[in-house]
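**Student:**
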Amino acid sequence: MAVLCCLAEYKIRSWLSLLICICVAGLTVGQVRYSIPEEMTTGSVVGNIIQDLGLDIQRLKSGRARIFTEDGSEYVGLNADKGTLVVAKRIDREELCKEVSPCSLHFQIILDNPMELHRIDIEITDINDNAPAFPKKEYSFQVSESAAPGARYSLESAKDSDVEQNTIQTYKLNPTDHFKLNIVSRADGTKYIEMVLHTQLDRETQEEHKLTLTAIDGGNPQKSGSVRINVVVLDANDNAPVFTQSLFSVSIPENAVKGTVIVKVCATDNDKGANEEIVYSFSHYTDEASSLFNIDPHSGDITVTGVLDYEKAKHYEIDIKATDKWGLADTSKVSIEVVDLNDNAPVISIISLSNPIPEDSALNTVIAMLNIKDLDSGKNSQVRCFISPGLPFKMKSSTTNFYTLVSDDILDRETVPEYNITITAMDEGSPPYSSNKTINLKISDVNDHAPEFPQHVLTASITENNSPGMSILSVKASDKDYGSNARISYFLENSQLNGMPASSYFSVNAESGEILAVRSFDYEQTKEFCIHIKAQDGGSPPLSSNVTVKIRIQDQNDNPPQVLYPVQTGGSVVAEMVPRSADVGYLVTKVVAVDVDSGQNAWLSYKLQKATDRALFEVGSQNGEIRTIRQVNDKDAVKQRLTVTVEDNGQPSRSATVIVNVAVADSFPEVLSEFTDLIHDKEYNDNLTFYLVLALAVVSFLFITCVVVIISVKIYRWKRERVFYKSSAHLPVIPYYPPLYADVGGTGTGTLKPGSYEVYGTTDSRMSDTNFSGPFTQSTLSTLSE
Numbered sequence: 000m001a002v003l004c005c006l007a008e009y010k011i012r013s014w015l016s017l018l019i020c021i022c023v024a025g026l027t028v029g030q031v032r033y034s035i036p037e038e039m040t041t042g043s044v045v046g047n048i049i050q051d052l053g054l055d056i057q058r059l060k061s062g063r064a065r066i067f068t069e070d071g072s073e074y075v076g077l078n079a080d081k082g083t084l085v086v087a088k089r090i091d092r093e094e095l096c097k098e099v100s101p102c103s104l105h106f107q108i109i110l111d112n113p114m115e116l117h118r119i120d121i122e123i124t125d126i127n128d129n130a131p132a133f134p135k136k137e138y139s140f141q142v143s144e145s146a147a148p149g150a151r152y153s154l155e156s157a158k159d160s161d162v163e164q165n166t167i168q169t170y171k172l173n174p175t176d177h178f179k180l181n182i183v184s185r186a187d188g189t190k191y192i193e194m195v196l197h198t199q200l201d202r203e204t205q206e207e208h209k210l211t212l213t214a215i216d217g218g219n220p221q222k223s224g225s226v227r228i229n230v231v232v233l234d235a236n237d238n239a240p241v242f243t244q245s246l247f248s249v250s251i252p253e254n255a256v257k258g259t260v261i262v263k264v265c266a267t268d269n270d271k272g273a274n275e276e277i278v279y280s281f282s283h284y285t286d287e288a289s290s291l292f293n294i295d296p297h298s299g300d301i302t303v304t305g306v307l308d309y310e311k312a313k314h315y316e317i318d319i320k321a322t323d324k325w326g327l328a329d330t331s332k333v334s335i336e337v338v339d340l341n342d343n344a345p346v347i348s349i350i351s352l353s354n355p356i357p358e359d360s361a362l363n364t365v366i367a368m369l370n371i372k373d374l375d376s377g378k379n380s381q382v383r384c385f386i387s388p389g390l391p392f393k394m395k396s397s398t399t400n401f402y403t404l405v406s407d408d409i410l411d412r413e414t415v416p417e418y419n420i421t422i423t424a425m426d427e428g429s430p431p432y433s434s435n436k437t438i439n440l441k442i443s444d445v446n447d448h449a450p451e452f453p454q455h456v457l458t459a460s461i462t463e464n465n466s467p468g469m470s471i472l473s474v475k476a477s478d479k480d481y482g483s484n485a486r487i488s489y490f491l492e493n494s495q496l497n498g499m500p501a502s503s504y505f506s507v508n509a510e511s512g513e514i515l516a517v518r519s520f521d522y523e524q525t526k527e528f529c530i531h532i533k534a535q536d537g538g539s540p541p542l543s544s545n546v547t548v549k550i551r552i553q554d555q556n557d558n559p560p561q562v563l564y565p566v567q568t569g570g571s572v573v574a575e576m577v578p579r580s581a582d583v584g585y586l587v588t589k590v591v592a593v594d595v596d597s598g599q600n601a602w603l604s605y606k607l608q609k610a611t612d613r614a615l616f617e618v619g620s621q622n623g624e625i626r627t628i629r630q631v632n633d634k635d636a637v638k639q640r641l642t643v644t645v646e647d648n649g650q651p652s653r654s655a656t657v658i659v660n661v662a663v664a665d666s667f668p669e670v671l672s673e674f675t676d677l678i679h680d681k682e683y684n685d686n687l688t689f690y691l692v693l694a695l696a697v698v699s700f701l702f703i704t705c706v707v708v709i710i711s712v713k714i715y716r717w718k719r720e721r722v723f724y725k726s727s728a729h730l731p732v733i734p735y736y737p738p739l740y741a742d743v744g745g746t747g748t749g750t751l752k753p754g755s756y757e758v759y760g761t762t763d764s765r766m767s768d769t770n771f772s773g774p775f776t777q778s779t780l781s782t783l784s785e
């Protein structure tokens, strides 16, 4: 039945506390108050914070909800799975708060991401779990038989650790034949008890009286405690000592040294002689007070014998007793107030810290939550909190004793990667005390910098005819970010080069940035490439930048000179005419050659290698002009055959050979007869049998094929000419320029790009400058072998 009553009382108090929390919710945000009885079993539910704080289970888990108490006590635990507060260990109100009422537990529930702070107050209500108890099991008094009715004898009060209704409510004395019980209230509200003699004692009738004093509390059910009182009847001394004050009050600083007299108590006795001698003593005091104070039994001086500490105990009350030689006594009380001194520095506790924080954190981002407490009181406990100046952070006060460290400026990891933040807490005492705590805050990287190349344009060169896979150049970019945000990969921008993708010419190593040639290059086809390399970091999203790389192809001497003039034909003999009247220095012709290489690889020199008459002609080494070096006479042969070598200046050099036929004559018939004989002689000297056999073998195979091909080509050309004449009836006539190819003396062939070259031809046996764009018709003589 008692348990049901306690539970009913607990429920009523819980509802009352809940109504109070709702009423003050507009003033204190995030504060809940509960009320529970002491001695609840471990695991009992205190309250549902999910409902009372308006949270949910998911928020408790994601915010890593936890309980923070300033003194580190763990009476109450948090069940995050159910959102309830439960009793973590036995709560003894008397042990927790002693005589203080009401008794409360204060703590905070802290959640992260974002940070939240909820204050929880739990009032611990008293249950009647302690019975009244007297300091001693038995008391003895000596009472003179001459004591008049109304004489008072002070009794030590019983102590009950419970409070309010559950503490001592009344005393009973049994029997009451001679003594009655008197309960006296002091000015400070405390009570003490006295035995009052209401009928005179007679030692001769009864020498000793045995009484029982019972203290009864107001609990349900009631509890009590008793003590035996032995009264011995004496003669004569009929006056008891009387204290001059019912209450002695004194204040003492907490740094009082041992032996300091804090107060002198005094009592008087109207008796004379030995009956007025008084002995002072502590009648009833706590063990703690007994170790800190002492009373001189004769003088009544109370001195300090221990170390006082305001933070441990702020107030002491000691019951004192004055007793005469015959046992008459009076009681009083000494109230000692300990005065606080500024002897404690503030204590800084970091209860939550976000480290590291990203460099793109917004202003007022909460970095740390701190609890700063000073155990002193009054002005000595008032604390100012600040950090070192010049840092992009500031301190903000959230609630009493709680501060938050927040960002106050833009952070940049590349400028300052970490901060040492020294937090200083200083009280308002005199002299002030302070304490420091340093937080090493690291700034985490955000991908806010793109890779950078040292130059916007890079230049490299590679020699033509290179082997595929040859390294050309390594590009290198740097990134101010850190970690994966600074891990750079290189890519080739796949633009078009000469109508083909750049990847068909070059490749880039993604890790090292090394540019490799995919194929072999030809300077004569392409002299320079322009590619774009992209450097991309590993951030999310990735950032990139480009660099332009110009790759120049260096020329090699890989092309021999090509003779443009005189043109060598396979079925005719071309000859330059020199009249026999030609003077010294007569320009016979000019050998025109080109080299598609560049630089010194294209510098050409001419040399007369063989001649029918070396004493008649010479070749200009720089210009290729063939001139006579003496006067032509009648003895000189009509047919002159000159072999000219054209050589470039490369390393190693390359050359080409051209045969120049010169006719020394004044008339065409003479020249024609000579060159006809030359052709016939040559034909007779050939191996006719070989050609006949070869012709017979091939003709039978190729005859039908040739006929079909020729007819097909003729039909195709006829159709194209008809289309051409129909579509270009009004177009101007475009002259025909044959492609500049030359087959030079069997030493090799070369290919030239279309263009115009300056050469020399012969007209009327004279040489004049002209643009060579077709074969000579009047300045050269062709004798066909047909």
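Using numbering that gives the first Met the number 0, you'd call the opening residue of the sequence shown number 0 and step up by one each time.
All residues carry an ideal CB built from backbone N, CA and C; glycine is no exception.
Since this is a predicted model, take the numbers as computed values, not measurements.
Is DSSP giving V697 helix, strand or coil here?
**Tutor:** Of the three classes helix, strand and coil, the one that applies to V697 here is helix, per DSSP.
**Student:** Taking the straight line between their C-alpha atoms, what separation do you get for G428 and N181?
**Tutor:** About 48 angstroms.
**Student:** Which residue spans inside the stretch 424-452 form an unbroken beta strand (DSSP E) run of at least 3?
**Tutor:** For the stretch 424-452, whole beta strand (DSSP E) runs of length 3 or above, ordered along the chain, are 433-443.
**Student:** Taking only three categories from DSSP, how would you classify S34?
**Tutor:** The answer is strand: DSSP assigns S34 an E or B state.
**Student:** With a cut-off of 8 angstroms, do at least 3 Cβ pairs link the stretch 253-265 to the stretch 344-361?
**Tutor:** No, the stretch 253-265 is not in contact with the stretch 344-361.
**Student:** Just the Cα atoms here: how many angstroms apart are M0 and E93?
**Tutor:** Reliability of the predicted coordinates at M0 is poor, the pLDDT of 32 falling under 50, and the value obtained from them is presented with this limitation in mind. Distance between the alpha carbons of M0 and E93: 24 angstroms.
**Student:** With a floor of 3 residues, list each beta strand (DSSP E) that falls wholly inside the stretch 376-431, ordered by position along the chain.
**Tutor:** Complete beta strand (DSSP E) runs here, min 3: 382-386, 392-396, 401-406 and 417-426.
**Student:** Are the CB atoms of E575 and V659 nearer to each other than 8 angstroms?
**Tutor:** Yes; because the gap between Cβ atoms is below 8 angstroms, this pair is in contact.
**Student:** On the three-state DSSP scale, how would you describe G25?
**Tutor:** In this prediction, G25 has a pLDDT of 34, which is less than 50 and means its spatial position is unreliable; nothing more can be read from the coordinates.
**Student:** Measure the CB-CB distance between A312 and E287 and report whether it falls below 8 angstroms.
**Tutor:** Yes, Cβ-Cβ distance for A312 and E287 is below 8 angstroms.
**Student:** How many Å lie between S380 and Y309 at the Cα?
**Tutor:** Going by the C-alpha atoms only, they are around 12 angstroms apart.
**Student:** If I measure Cβ to Cβ from I49 and keep anything under 6 angstroms in the same chain, skipping five residues before and after, which residues do I get?
**Tutor:** Hits under 6 angstroms: G82.
**Student:** Let me check understanding here. Comparing Cα to Cα, which of V548, S153 and G217 lies closest to N127?
**Tutor:** Out of V548, S153 and G217, G217 has the C-alpha closest to the C-alpha of N127.
**Student:** Thinking T41 and A79 are a contact (beta carbons under 8 angstroms), I'd like their distance in whole angstroms, please.
**Tutor:** Going by Cβ atoms, the distance from T41 to A79 rounds to 18 angstroms, so no, they are not a contact pair.
**Student:** Can you check the stretch 39-83 for any beta strand (DSSP E) of at least 3 residues that lies completely inside it and give the ranges in chain order?
**Tutor:** The qualifying runs are 44-47, 65-67 and 75-78.
**Student:** For F178, list the residues DSSP reports as bridge partners.
**Tutor:** Its beta-bridge partners are L196.
**Student:** Under a Cβ-count criterion, where at least 16 other Cβ atoms within 10 Å of its own Cβ denotes burial, should A147 be classed as buried or exposed?
**Tutor:** Exposed.
**Student:** By the 10 Å Cβ neighbour count, where 16 or more other Cβ atoms means buried, how is K589 classified, buried or exposed?
**Tutor:** So K589 counts as buried.
**Student:** Helix, strand or coil, according to DSSP, for S597 in the structure here?
**Tutor:** The answer is coil: DSSP assigns S597 none of H, G, I, E or B.
**Student:** I'd like the span of the beta strand (DSSP E) that includes L542, first residue to last.
**Tutor:** It is not in any beta strand (DSSP E) - L542 carries neither H nor E in the DSSP assignment.
**Student:** Check whether the Cβ atoms of A266 and P240 sit closer than 8 angstroms, and answer yes or no.
**Tutor:** A contact, by the Cβ cut-off of 8 angstroms.
**Student:** Indicate the three-state DSSP secondary structure (helix, strand or coil) for T302 in the structure shown.
**Tutor:** Note: T302 maps to strand in three-state DSSP.
**Student:** Quick check on DSSP: helix, strand or coil for N556?
**Tutor:** N556 falls in the coil class under three-state DSSP.
**Student:** Going by C-alpha distance, which of R202, D318, V566 and E646 is nearest A601?
**Tutor:** Looking at the Cα atoms, E646 is the closest of the given residues.
**Student:** Pair every Cβ in the stretch 163-170 with every Cβ in the stretch 193-205, then say whether three or more of these pairs are closer than 8 angstroms.
**Tutor:** No: fewer than three Cβ pairs fall under 8 angstroms.
**Student:** Considering E513, what are the terminal residues of the beta strand (DSSP E) in which it resides?
**Tutor:** Where E513 is concerned, the enclosing beta strand (DSSP E) stretches over E513 to A516.
**Student:** For a test of the three-state rule: what should DSSP assign to Y489, helix, strand or coil?
**Tutor:** Residue state, collapsed to three classes: strand.
**Student:** So, helix, strand or coil for I90, using DSSP?
**Tutor:** Three-state DSSP puts I90 in coil, outside helix and strand.
**Student:** Locate the beta strand (DSSP E) running through S470, then write down its first and last residues.
**Tutor:** It spans S470 to S473 - the beta strand (DSSP E) in which S470 sits, taken as one unbroken run.
**Student:** My guess is that N465 and D557 are in contact by the Cβ rule of under 8 angstroms, so how many angstroms apart are they, rounded?
**Tutor:** About 12 angstroms separates the two Cβ atoms, so there is no contact after all.
**Student:** Note down, one range per segment and in chain order, each alpha helix (DSSP H) of at least 4 residues found wholly within the stretch 83-154.
**Tutor:** Counting whole runs of 4 or more residues, the stretch 83-154 contains the alpha helix (DSSP H) stretches 92-96.
**Student:** Looking only at C-alpha atoms, which of P559, K135 and L95 sits nearest to I121?
**Tutor:** Considering only alpha carbons, the answer is L95.
**Student:** How would you call G149, buried or exposed, if buried means at least 16 neighbouring beta carbons within 10 angstroms?
**Tutor:** Exposed.
**Student:** Enumerate in chain order the residues of its own chain whose CB-to-CB distance from S443 is below 6 angstroms, with the five nearest sequence positions on each side excluded.
**Tutor:** Contacts found: P355 and P357.
**Student:** For F700, is the classification buried or exposed, using 16 other Cβ atoms within 10 angstroms of its Cβ as the cut-off for buried?
**Tutor:** Exposed is the call here.
**Student:** With DSSP run on the structure shown, which of helix, strand or coil describes N484?
**Tutor:** Three-state result, N484: helix.
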